[in-house]
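Residue numbers (my numbering): 924 to 1182. Built from N, CA and C at the ideal position, the CB exists for glycine as well. All remarks here apply to the structure that follows.
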(Lines of atoms letter the chains of each structure in order from A and count residues from 1; the text may use other names and numbers.)
(Lines give C-alpha, C1' and ligand atoms only; values in the text may rest on other atoms or scores of the structure.)
Protein backbone atom coordinates (compact mmCIF):
# COMPACT_ATOMS: atom_id res chain seq x y z
CA UNK A 1 0.00 0.00 0.00
CA UNK A 2 1.37 3.38 -0.95
CA UNK A 3 2.21 5.97 1.70
CA UNK A 4 -0.39 8.38 0.33
CA UNK A 5 -3.14 5.78 0.75
CA UNK A 6 -2.02 5.11 4.33
CA UNK A 7 -2.17 8.82 5.17
CA UNK A 8 -5.65 9.02 3.61
CA UNK A 9 -6.94 6.18 5.82
CA UNK A 10 -5.36 7.76 8.88
CA UNK A 11 -7.38 10.90 8.22
CA UNK A 12 -10.53 8.77 7.81
CA UNK A 13 -9.97 7.09 11.16
CA UNK A 14 -9.31 10.43 12.85
CA UNK A 15 -12.69 11.55 11.53
CA UNK A 16 -14.17 8.56 13.47
CA UNK A 17 -14.79 6.39 10.47
CA UNK A 18 -14.99 2.67 11.41
CA UNK A 19 -16.02 1.09 8.10
CA UNK A 20 -13.11 0.02 5.89
CA UNK A 21 -15.30 -0.83 2.88
CA UNK A 22 -16.01 1.56 0.03
CA UNK A 23 -19.13 3.62 0.44
CA UNK A 24 -21.94 3.18 -2.05
CA UNK A 25 -21.97 5.66 -4.91
CA UNK A 26 -24.56 6.60 -7.45
CA UNK A 27 -22.21 5.52 -10.22
CA UNK A 28 -22.65 6.04 -13.92
CA UNK A 29 -26.24 6.82 -14.88
CA UNK A 30 -28.00 3.92 -16.59
CA UNK A 31 -28.77 4.32 -20.27
CA UNK A 32 -31.61 1.78 -20.06
CA UNK A 33 -34.81 3.58 -19.23
CA UNK A 34 -38.34 2.26 -18.92
CA UNK A 35 -39.22 3.71 -22.33
CA UNK A 36 -36.24 1.96 -23.91
CA UNK A 37 -37.19 -1.38 -22.34
CA UNK A 38 -40.72 -0.97 -23.68
CA UNK A 39 -39.39 -0.15 -27.15
CA UNK A 40 -37.16 -3.24 -27.16
CA UNK A 41 -40.05 -5.41 -26.03
CA UNK A 42 -42.26 -4.09 -28.83
CA UNK A 43 -39.60 -4.87 -31.45
CA UNK A 44 -39.26 -8.40 -30.09
CA UNK A 45 -43.01 -8.89 -30.31
CA UNK A 46 -42.90 -7.91 -33.99
CA UNK A 47 -39.95 -10.18 -34.91
CA UNK A 48 -39.37 -13.17 -32.64
CA UNK A 49 -36.34 -14.56 -34.47
CA UNK A 50 -34.30 -11.37 -34.31
CA UNK A 51 -30.59 -11.24 -33.48
CA UNK A 52 -28.80 -8.81 -31.20
CA UNK A 53 -27.01 -7.45 -34.28
CA UNK A 54 -30.32 -6.68 -35.97
CA UNK A 55 -31.63 -5.08 -32.80
CA UNK A 56 -28.53 -2.90 -32.47
CA UNK A 57 -29.11 -1.54 -35.99
CA UNK A 58 -32.43 -0.09 -34.79
CA UNK A 59 -30.82 1.21 -31.57
CA UNK A 60 -27.32 2.38 -32.58
CA UNK A 61 -26.79 4.39 -29.38
CA UNK A 62 -26.98 1.28 -27.19
CA UNK A 63 -24.15 -1.23 -27.06
CA UNK A 64 -24.78 -4.89 -27.88
CA UNK A 65 -23.81 -5.93 -24.36
CA UNK A 66 -26.45 -3.67 -22.82
CA UNK A 67 -29.03 -4.88 -25.34
CA UNK A 68 -28.27 -8.51 -24.56
CA UNK A 69 -28.49 -7.91 -20.80
CA UNK A 70 -31.78 -6.06 -21.28
CA UNK A 71 -33.32 -8.77 -23.44
CA UNK A 72 -32.24 -11.70 -21.27
CA UNK A 73 -32.12 -10.07 -17.85
CA UNK A 74 -34.73 -7.33 -17.59
CA UNK A 75 -37.21 -8.80 -20.10
CA UNK A 76 -36.43 -12.45 -19.35
CA UNK A 77 -36.40 -13.67 -22.96
CA UNK A 78 -34.74 -16.96 -23.97
CA UNK A 79 -34.17 -18.35 -27.45
CA UNK A 80 -35.73 -21.70 -28.32
CA UNK A 81 -35.04 -23.77 -31.42
CA UNK A 82 -37.82 -25.42 -33.40
CA UNK A 83 -38.18 -29.12 -32.62
CA UNK A 84 -37.96 -31.53 -35.52
CA UNK A 85 -40.99 -33.81 -35.87
CA UNK A 86 -41.42 -36.77 -38.25
CA UNK A 87 -44.33 -35.14 -40.07
CA UNK A 88 -46.64 -32.18 -39.74
CA UNK A 89 -50.02 -33.35 -38.51
CA UNK A 90 -53.05 -32.67 -40.68
CA UNK A 91 -56.57 -32.21 -39.38
CA UNK A 92 -57.31 -35.86 -40.24
CA UNK A 93 -54.30 -37.00 -38.22
CA UNK A 94 -55.29 -34.83 -35.27
CA UNK A 95 -58.87 -36.08 -35.34
CA UNK A 96 -57.72 -39.69 -35.55
CA UNK A 97 -55.35 -39.27 -32.63
CA UNK A 98 -58.02 -37.59 -30.59
CA UNK A 99 -60.38 -40.47 -31.32
CA UNK A 100 -57.74 -43.01 -30.30
CA UNK A 101 -57.02 -41.14 -27.08
CA UNK A 102 -60.73 -40.98 -26.20
CA UNK A 103 -61.12 -44.68 -26.99
CA UNK A 104 -58.14 -45.48 -24.78
CA UNK A 105 -59.49 -43.36 -21.91
CA UNK A 106 -62.93 -44.91 -22.29
CA UNK A 107 -61.52 -48.42 -22.02
CA UNK A 108 -59.39 -47.39 -19.05
CA UNK A 109 -62.44 -45.86 -17.35
CA UNK A 110 -64.29 -49.14 -17.84
CA UNK A 111 -61.47 -51.59 -17.05
CA UNK A 112 -59.20 -49.53 -14.78
CA UNK A 113 -55.80 -51.01 -13.88
CA UNK A 114 -56.89 -54.37 -15.27
CA UNK A 115 -57.01 -52.82 -18.74
CA UNK A 116 -53.44 -51.49 -18.38
CA UNK A 117 -52.19 -54.88 -17.18
CA UNK A 118 -53.59 -56.47 -20.35
CA UNK A 119 -51.51 -54.24 -22.67
CA UNK A 120 -48.68 -55.96 -24.55
CA UNK A 121 -46.36 -53.76 -26.60
CA UNK A 122 -43.45 -54.53 -28.88
CA UNK A 123 -41.08 -53.08 -31.43
CA UNK A 124 -38.02 -53.88 -33.53
CA UNK A 125 -34.52 -52.47 -33.04
CA UNK A 126 -30.95 -53.05 -34.13
CA UNK A 127 -28.55 -54.59 -31.61
CA UNK A 128 -24.79 -54.31 -32.19
CA UNK A 129 -22.54 -57.30 -31.46
CA UNK A 130 -20.25 -55.17 -29.31
CA UNK A 131 -21.55 -52.11 -27.50
CA UNK A 132 -18.62 -49.90 -26.48
CA UNK A 133 -18.81 -48.05 -23.18
CA UNK A 134 -20.01 -44.50 -23.70
CA UNK A 135 -18.34 -41.43 -22.24
CA UNK A 136 -21.34 -40.93 -19.95
CA UNK A 137 -21.03 -44.49 -18.65
CA UNK A 138 -17.32 -43.95 -17.86
CA UNK A 139 -18.04 -41.17 -15.34
CA UNK A 140 -16.44 -41.80 -11.94
CA UNK A 141 -16.41 -39.83 -8.70
CA UNK A 142 -13.21 -38.07 -7.66
CA UNK A 143 -11.82 -35.00 -5.92
CA UNK A 144 -10.72 -31.88 -7.76
CA UNK A 145 -7.14 -32.52 -6.64
CA UNK A 146 -7.02 -36.15 -7.77
CA UNK A 147 -3.62 -36.90 -9.35
CA UNK A 148 -4.97 -38.94 -12.26
CA UNK A 149 -7.83 -38.37 -14.64
CA UNK A 150 -9.60 -41.05 -16.63
CA UNK A 151 -8.78 -41.20 -20.33
CA UNK A 152 -10.93 -42.80 -22.98
CA UNK A 153 -10.16 -43.17 -26.67
CA UNK A 154 -12.88 -42.56 -29.21
CA UNK A 155 -14.36 -45.83 -30.45
CA UNK A 156 -16.47 -46.61 -33.47
CA UNK A 157 -19.70 -48.56 -33.28
CA UNK A 158 -19.65 -52.20 -34.28
CA UNK A 159 -20.62 -52.73 -37.91
CA UNK A 160 -22.04 -56.17 -37.11
CA UNK A 161 -25.58 -56.04 -35.80
CA UNK A 162 -28.80 -58.02 -35.65
CA UNK A 163 -32.45 -57.11 -35.78
CA UNK A 164 -34.32 -58.05 -32.61
CA UNK A 165 -38.02 -57.84 -31.77
CA UNK A 166 -39.07 -57.52 -28.13
CA UNK A 167 -42.57 -57.91 -26.70
CA UNK A 168 -43.34 -57.01 -23.10
CA UNK A 169 -46.12 -56.09 -20.72
CA UNK A 170 -46.32 -54.36 -17.33
CA UNK A 171 -44.70 -57.33 -15.58
CA UNK A 172 -41.69 -57.77 -17.84
CA UNK A 173 -40.34 -59.31 -21.04
CA UNK A 174 -42.56 -61.81 -22.85
CA UNK A 175 -40.65 -62.61 -26.02
CA UNK A 176 -37.27 -61.76 -27.56
CA UNK A 177 -36.93 -62.80 -31.18
CA UNK A 178 -33.60 -62.43 -33.03
CA UNK A 179 -33.83 -62.27 -36.80
CA UNK A 180 -31.56 -64.29 -39.06
CA UNK A 181 -28.96 -62.11 -40.75
CA UNK A 182 -30.28 -60.83 -44.08
CA UNK A 183 -33.92 -61.53 -43.23
CA UNK A 184 -36.33 -58.61 -43.52
CA UNK A 185 -39.35 -58.17 -41.29
CA UNK A 186 -42.47 -58.35 -43.42
CA UNK A 187 -46.07 -59.16 -42.69
CA UNK A 188 -45.52 -62.94 -42.88
CA UNK A 189 -42.60 -62.84 -40.46
CA UNK A 190 -44.47 -60.55 -38.09
CA UNK A 191 -47.52 -62.84 -38.09
CA UNK A 192 -45.28 -65.75 -37.07
CA UNK A 193 -43.97 -63.60 -34.23
CA UNK A 194 -47.53 -62.91 -33.08
CA UNK A 195 -48.16 -66.65 -32.88
CA UNK A 196 -44.96 -67.13 -30.87
CA UNK A 197 -46.00 -64.26 -28.66
CA UNK A 198 -49.34 -65.95 -28.03
CA UNK A 199 -47.56 -69.13 -26.91
CA UNK A 200 -45.25 -67.05 -24.68
CA UNK A 201 -48.27 -65.43 -23.04
CA UNK A 202 -49.81 -68.86 -22.46
CA UNK A 203 -46.63 -70.02 -20.70
CA UNK A 204 -45.73 -66.86 -18.76
CA UNK A 205 -49.05 -65.13 -18.09
CA UNK A 206 -51.63 -67.73 -17.16
CA UNK A 207 -55.17 -66.41 -17.55
CA UNK A 208 -54.19 -63.35 -19.59
CA UNK A 209 -55.43 -64.76 -22.90
CA UNK A 210 -58.84 -65.54 -21.44
CA UNK A 211 -59.23 -61.95 -20.21
CA UNK A 212 -58.10 -60.53 -23.57
CA UNK A 213 -54.71 -59.19 -24.63
CA UNK A 214 -54.42 -55.61 -25.90
CA UNK A 215 -51.60 -55.37 -28.47
CA UNK A 216 -50.14 -51.87 -28.81
CA UNK A 217 -47.61 -51.08 -31.55
CA UNK A 218 -46.75 -48.40 -34.12
CA UNK A 219 -47.61 -48.00 -37.80
CA UNK A 220 -44.75 -49.92 -39.42
CA UNK A 221 -45.90 -51.64 -42.61
CA UNK A 222 -45.74 -55.19 -41.18
CA UNK A 223 -47.89 -54.04 -38.24
CA UNK A 224 -50.62 -52.50 -40.40
CA UNK A 225 -50.60 -54.97 -43.29
CA UNK A 226 -53.81 -56.69 -44.35
CA UNK A 227 -52.41 -60.11 -43.45
CA UNK A 228 -51.63 -58.91 -39.91
CA UNK A 229 -55.17 -57.63 -39.54
CA UNK A 230 -56.51 -60.97 -40.77
CA UNK A 231 -54.48 -62.83 -38.15
CA UNK A 232 -55.96 -60.61 -35.45
CA UNK A 233 -59.46 -61.02 -36.86
CA UNK A 234 -59.10 -64.80 -37.06
CA UNK A 235 -58.22 -64.75 -33.36
CA UNK A 236 -61.84 -63.81 -32.58
CA UNK A 237 -60.62 -60.48 -31.31
CA UNK A 238 -61.14 -56.80 -31.98
CA UNK A 239 -58.78 -54.63 -34.02
CA UNK A 240 -58.85 -50.87 -33.57
CA UNK A 241 -56.83 -48.77 -36.03
CA UNK A 242 -56.99 -44.98 -35.71
CA UNK A 243 -55.75 -44.35 -39.26
CA UNK A 244 -56.40 -47.43 -41.42
CA UNK A 245 -55.74 -45.92 -44.87
CA UNK A 246 -52.84 -43.44 -44.50
CA UNK A 247 -49.25 -44.69 -44.75
CA UNK A 248 -47.33 -42.19 -42.65
CA UNK A 249 -44.39 -42.13 -40.29
CA UNK A 250 -46.61 -40.81 -37.55
CA UNK A 251 -47.22 -42.79 -34.42
CA UNK A 252 -50.16 -45.09 -34.99
CA UNK A 253 -51.97 -46.92 -32.22
CA UNK A 254 -53.11 -50.36 -33.30
CA UNK A 255 -54.97 -52.29 -30.63
CA UNK A 256 -55.87 -55.94 -31.02
CA UNK A 257 -57.64 -58.07 -28.45
CA UNK A 258 -56.36 -61.59 -28.96
CA UNK A 259 -58.42 -64.42 -27.53
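Nearest candidate by alpha-carbon position, reference residue 1126, set 1057, 965 and 1098: Put simply, of 1057, 965 and 1098 the residue whose alpha carbon is nearest the alpha carbon of residue 1126 is 1098.
Opening and closing residue of the beta strand (DSSP E) in which residue 1086 lies: That run of the beta strand (DSSP E) goes 1084–1092.
Boundaries of the beta strand (DSSP E) in which residue 902 is found, first to last residue: This structure gives no information on residue 902, because the portion of the chain shown stretches from 924 to 1182.
Residues near residue 1148 in its chain [Cβ-Cβ closer than 6 Å; skip 5 each side]: So the qualifying residues of the chain are 1110.
Range covered by the alpha helix (DSSP H) that runs through residue 1101: Unbroken run through residue 1101 is the beta strand (DSSP E), 1095–1101; no alpha helix (DSSP H).
Distance between residue 1083 and residue 1102 (C-alpha atoms, nearest Å): Computed Cα separation, rounded: 13 Å.
Within 8 Å, strictly: CB atoms of residue 1044 and residue 1091: Against a cut-off of 8 Å, the Cβ pair of residue 1091 and residue 1044 comes out as a contact.
Selected residue, minimal CA-CA separation from residue 968, among 1139, 957 and 994: Across the set 1139, 957 and 994, the C-alpha of 994 shows the shortest separation from the C-alpha of residue 968.
Same chain, Cβ closer than 6 Å to residue 1093, neighbours up to 5 away in sequence not counted: Excluding five sequence positions before and after residue 1093, the CB atoms of its chain that fall closer than 6 Å to its own CB belong to 1040, given in chain order.
Short Cβ contact (8 Å threshold) for residue 1042 with residue 1117: Against a cut-off of 8 Å, the Cβ pair of residue 1117 and residue 1042 comes out as no contact.
Check: residue 998 C-beta below 7 Å from any heavy atom of the ligand PLP: What this structure holds is no ligand at all, so the ligand PLP is not there to describe.
Status (buried if at least 16 other CB within 10 Å, exposed otherwise) for residue 1025: By the 10 Å Cβ count, residue 1025 comes out exposed.
Residue interval of the alpha helix (DSSP H) (run including residue 1117): Unbroken alpha helix (DSSP H) run through residue 1117: 1110–1127.
Local Cβ density within 10 Å of residue 1059, reported as buried at 16 or more and exposed below that: Result: exposed.
First and last residue of the uninterrupted beta strand (DSSP E) at residue 1138: Per DSSP, residue 1138 belongs to the beta strand (DSSP E) from 1136–1140.
Expected contact under 8 Å - CB spacing of residue 998 and residue 990 to nearest Å: Actually they are not in contact, since the Cβ atoms of residue 998 and residue 990 sit about 10 Å apart, beyond 8 Å.
Residue nearest to residue 1050 in terms of C-alpha spacing, selected from 1100, 1032 and 1002: Closest by alpha carbon: 1100.
Euclidean distance between Cα positions of residue 1096 and residue 1089: So the two alpha carbons sit approximately 7 Å from each other.
Collapsed DSSP secondary structure at residue 936 in the structure displayed: Assigned with DSSP and collapsed to three states, residue 936 falls in helix.
Candidates 1038, 1009, 1115 and 976, of which the one nearest residue 1136 by Cα: It is 1038 whose Cα lies nearest to the Cα of residue 1136.
Buried versus exposed call for residue 963 [16 or more other C-beta atoms within 10 Å across all chains shown]: Counting Cβ neighbours within 10 Å, residue 963 comes out buried, since at least 16 surround it.
Same chain only: Cβ atoms within 6 Å of residue 955, ignoring 5 sequence neighbours per side: For residue 955, where only same-chain residues beyond five positions count, the Cβ hits under 6 Å are 993.
Simplified DSSP state of residue 1146, which is helix, strand or coil: Helix.
Reduced DSSP secondary structure (H/G/I, E/B, other) of residue 989: In the displayed model, residue 989 falls within a helix according to three-state DSSP.
Any alpha helix (DSSP H) of 4 or more consecutive residues that is wholly inside the segment 950–1023: Secondary structure remark: continuous alpha helix (DSSP H) runs of at least 4 residues inside the segment 950–1023, in chain order: 957–969, 975–981 and 987–992.
Counted within 10 angstroms of its Cβ, other Cβ atoms place residue 1159 as buried (16 or more) or exposed: Confidence at residue 1159 is low in this model, with a pLDDT of 44, below 50, so its placement is unreliable and the value that follows should be read with caution. Residue 1159 should be labelled exposed.
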